[in-house]
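Trainee: As you go down the protein sequences, you meet chains H and V in turn. Here the first sequence stands for residues 2 to 453, numbered as in this note's numbering. Here the second sequence stands for residues 17 to 76, numbered as in this note's numbering. Mind having a look at this structure? Questions to follow.
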Amino acid sequence: MNDALARDAPAHCIASRVRRREISACEVIDAALERIAAADSSVHAFTHVAATRAREHARRIDEAIVAGRDAGPLAGVPFAVKAMIDIAGVVTSAGSALHVHDATARIDAEVVRRLQSAGAICMGALNMDELGMGGTTENSHFGPTRNPHDLARTPGGSSGGSAAALAAGMVPLALGGDALGSIRLPASLCGVYGLRPTRGTVPTAGLLGAGGTISTIGPMARSAFDLAIAHAILTDQPHREPNAGASLRIATAGGYFRDRLDRDAASAVERVAHALDANRTIDFPDPVRAKAAATLVNASESAVGRLPALRAHASDFDSGTRDRFIAHALLPAQWYLHAQRFRAWHKSEVLAMLARIDVLVLPATPCVAPRLGQATLIVDGQEWPTGPMLGWFTQPLAGTDCPVLTVPVAHDGPLPIGIQLLAAPRCEHHLFDVAARLEALGVASSTVATSS
Amino acid sequence: MTAFDPYAFLDAAAAAVDLAVAPGQRDAVAANLVRLHALAQQLLDFEVPERSTQQAQDPS
Numbered sequence: 002m003n004d005a006l007a008r009d010a011p012a013h014c015i016a017s018r019v020r021r022r023e024i025s026a027c028e029v030i031d032a033a034l035e036r037i038a039a040a041d042s043s044v045h046a047f048t049h050v051a052a053t054r055a056r057e058h059a060r061r062i063d064e065a066i067v068a069g070r071d072a073g074p075l076a077g078v079p080f081a082v083k084a085m086i087d088i089a090g091v092v093t094s095a096g097s098a099l100h101v102h103d104a105t106a107r108i109d110a111e112v113v114r115r116l117q118s119a120g121a122i123c124m125g126a127l128n129m130d131e132l133g134m135g136g137t138t139e140n141s142h143f144g145p146t147r148n149p150h151d152l153a154r155t156p157g158g159s160s161g162g163s164a165a166a167l168a169a170g171m172v173p174l175a176l177g178g179d180a181l182g183s184i185r186l187p188a189s190l191c192g193v194y195g196l197r198p199t200r201g202t203v204p205t206a207g208l209l210g211a212g213g214t215i216s217t218i219g220p221m222a223r224s225a226f227d228l229a230i231a232h233a234i235l236t237d238q239p240h241r242e243p244n245a246g247a248s249l250r251i252a253t254a255g256g257y258f259r260d261r262l263d264r265d266a267a268s269a270v271e272r273v274a275h276a277l278d279a280n281r282t283i284d285f286p287d288p289v290r291a292k293a294a295a296t297l298v299n300a301s302e303s304a305v306g307r308l309p310a311l312r313a314h315a316s317d318f319d320s321g322t323r324d325r326f327i328a329h330a331l332l333p334a335q336w337y338l339h340a341q342r343f344r345a346w347h348k349s350e351v352l353a354m355l356a357r358i359d360v361l362v363l364p365a366t367p368c369v370a371p372r373l374g375q376a377t378l379i380v381d382g383q384e385w386p387t388g389p390m391l392g393w394f395t396q397p398l399a400g401t402d403c404p405v406l407t408v409p410v411a412h413d414g415p416l417p418i419g420i421q422l423l424a425a426p427r428c429e430h431h432l433f434d435v436a437a438r439l440e441a442l443g444v445a446s447s448t449v450a451t452s453s
Numbered sequence: 017m018t019a020f021d022p023y024a025f026l027d028a029a030a031a032a033v034d035l036a037v038a039p040g041q042r043d044a045v046a047a048n049l050v051r052l053h054a055l056a057q058q059l060l061d062f063e064v065p066e067r068s069t070q071q072a073q074d075p076s
C-alpha cells in the first residue's frame, strides 16, 4: 500500500507526496473516508462526516497542483474539528441537543479557514462532552466516544472525538478546545500529541461556547513535526522545524505533581525526566489555589449566555450538564473577580519560575484511561471521583495562559499515557524541540490503535 | 463564620436571575454549589499580594 494512504501516515508525509503528485488529494480523502467508515461504527469519534465537501475540496487541491500552483504545506491532509468549531454547511452542535436543529454554519471558523488555506481538507465534526462540560466524552445525545486502544474505555474529554479520531488512524490532524484540560487530557489517554497554545494566539471567530478568558483552540496530531506545522498555520507564524538538539533548561515539577499518580503515570514522568537529563525539581507555584481559580473562572464564564436556554429548554440539556450550568449561572461576581485577581498574581509567579527554566515536565493524567461509566478511580491507594481526578494535573496550569503540550510516552503497558510540557507564553518552539528530542530518543511515540 | 447554606443561596440567586429550578434538580445543583463554594473559600482565605497583579493582566 502507498504509505501516504496508511492509517498512521503523518500529515507532513501525505502533503509532501501530494505536492510531488505521487498521489492525489482525492485518493488520500477516499482512503480517509474508508478508514472512517470502517472504524467509526465502533469508536464513534465523528458527529458529522462532511464527505461531499471533502471530496470537492480534494478535487480543487489536485487541480491546483496540476496547474502548477502551490497547494500549501498541508496539501491534501485530512483533518477534523471538535463539534464546537464552525464548518460551513454543517450544524455546529457543540455536542448538545440544544443546537442540533440550529441553522448550518454560513462560513468556516477562522481556524478551519487557515488550515484549508494551507491545503488541508476538513472531513467533519468530532464528538465532545456536551458544551465542553466534562472529561470523558460520554455524550448523552450523540452517544459515547470510545478509546480506540480499548473500546470499553473513555478517550477522555472534552475533545475526546478529536483524540480518538487520531488514535484510530482516521485522520492525522485534528482540532480540539481546551479550558481546564480538554485537549491535554484526551491526548494523554489516547496516546497522541495535544497542544494548548498560548491563550490569545489562535483566532476564536466561528466557535460556539468558547468565549471567556480561559479556553483556547489547539491542534492535536500523532507527531511533534505535524503539530508544529499546524500550530504555525493556526497562529499565522512562519513554520520552524523542531530542533531535537536544542539546548534547554528543563526541570520536573515536584510537590503536588508527585502525588496522586499511579505506576504508569509516575513511570512516564520518570522516563521523560531521565531521557532529558532533567535532574532539577521545581515546585509549580500554589497549584491547589491555581486549580480552584481556573475552575471558578471557567465555571462562571461557561454559563454566560446560557440563562435563556436554562429557562426555556432545560430538558434539552443532559441532566448533569444542566445542573452544573445552573450552579455556574448563580455564582457571585465576587468569587469570579477574586479568582481572576488570584489568577493575575499567580501568572506573575509562574512567569518568574519560567525565567529560570525553559520547560517544565509534569504528569498529564494520574492514570491510563478508565472504563466508560466508571464513577471512581483508585489512584495511589485511594478512591477518587473520576471526573475531577482526571483533570487533577491539567487544571492548575489552565489559568496561566502558557502553552502546554501533552506528549505520548512510549511504554510497555497496553494503554497509552502522556506527560505535559509547560513553557512561557509564545515559547511553543521549546515544547516542540523537547517533543522532537523525546521522539528521536524513542521515549515519545504515538501509535495507531489496533483494536478499532 | 456563617455556614454556607446551598439551598438558601440557590433560592435567592435563582430568583435574582429569574430562573426556576425544578424540585428534582435542587439537590444536584446544591451539590455543585457546595463544591464551588469550597473552591471559592480557598481563594477568599488568601490575600493576593498587591504587587504584580497589574503587570500580569494582559494574557497575551
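Every residue, glycine too, gets a C-beta built ideally from N, C-alpha and C.
#1: Using three-state DSSP, classify residue 80 of chain H as helix, strand or coil.
#2: Do residue 45 of chain V and residue 60 of chain V come within 9 Å of each other at the CB atom, strictly closer than that value?
#3: Select from H:227, H:404, H:426, H:300 the residue whose C-alpha is nearest the C-alpha of residue 78 of chain V.
#4: Less than 8 Å between the CB atoms is what I'm expecting for residue 186 of chain H and residue 82 of chain H, so what's the real figure, rounded?
#5: Give a yes or no on whether the minimum CB-CB distance between residue 297 of chain H and chain V is below 9 Å.
#6: State buried or exposed for residue 363 of chain H, treating a residue as buried only when at least 16 other CB atoms are found within 10 Å of its CB.
#7: Quick one: which chain H residues come within Cβ less than 9 Å of residue 79 of chain V?
#8: Unbroken beta strand (DSSP E) runs of length 3 or more, entirely within the stretch 232 to 292 of chain H: which are they?
#9: By Cβ distance, which residues of its chain are closer than 6 Å to residue 250 of chain H, with the 5 residues on each side in sequence left out?
#10: List the residues of chain C that residue 343 of chain H touches, going by C-beta distances under 8 Å, in chain order.
#11: Compare the Cα-Cα distances from residue 282 of chain H to each of H:257, H:265, H:292 and report the closest residue.
#12: For residue 24 of chain V, which residues in chain H fall below 8 Å Cβ to Cβ?
#13: Using a Cβ-Cβ distance under 9 Å, would residue 346 of chain H count as near chain V?
#14: Helix, strand or coil for residue 2 of chain H? Go by DSSP, reduced to three states.
#15: So which residues of chain V does residue 339 of chain H contact, with C-beta pairs closer than 7 Å?
#16: In or out: residue 159 of chain H buried (at least 16 other Cβ within 10 Å) or exposed?
#17: Taking the CB atoms as reference points, tell me whether residue 189 of chain H and residue 157 of chain H lie closer together than 9 Å.
#18: Quick one: list the residues of chain V neighbouring residue 328 of chain H, beta-carbon separation under 7 Å, in chain order.
#19: Tell me residue 102 of chain H's beta-bridge partners as DSSP assigns them.
#20: Starting from residue 34 of chain H, trace the alpha helix (DSSP H) in both directions and tell me its first and last residue.
#21: Would you mind sorting residue 316 of chain H into buried or exposed? The rule is 16 or more other CB atoms within 10 Å of its CB.
Mentor: With the structure as the only source:
#1: strand
#2: no
#3: With chain V covering only 17 through 76, there is no way to say anything about residue 78 of chain V.
#4: Their Cβ separation, rounded to whole angstroms, is 18 Å, which puts residue 186 of chain H and residue 82 of chain H out of contact at 8 Å.
#5: yes
#6: buried
#7: There is no way to answer for residue 79 of chain V, as the model of chain V reaches only from 17 to 76.
#8: 251 to 254, 281 to 283
#9: 358, 359
#10: Considering every chain present, this structure includes no chain C. Its protein chains are H and V.
#11: H:257
#12: What residue 24 of chain V touches in chain H: nothing, since even the nearest Cβ is about 12 Å away.
#13: yes
#14: Low per-residue confidence applies at residue 2 of chain H: pLDDT is 44, beneath 50, and the placement is therefore not dependable, though the value from the model is reported in the following sentence. Here residue 2 of chain H sits in coil by DSSP.
#15: 59, 60
#16: buried
#17: yes
#18: 45, 48, 49, 52
#19: Partner(s): none; residue 102 of chain H has no beta bridge.
#20: 26 to 44
#21: exposed
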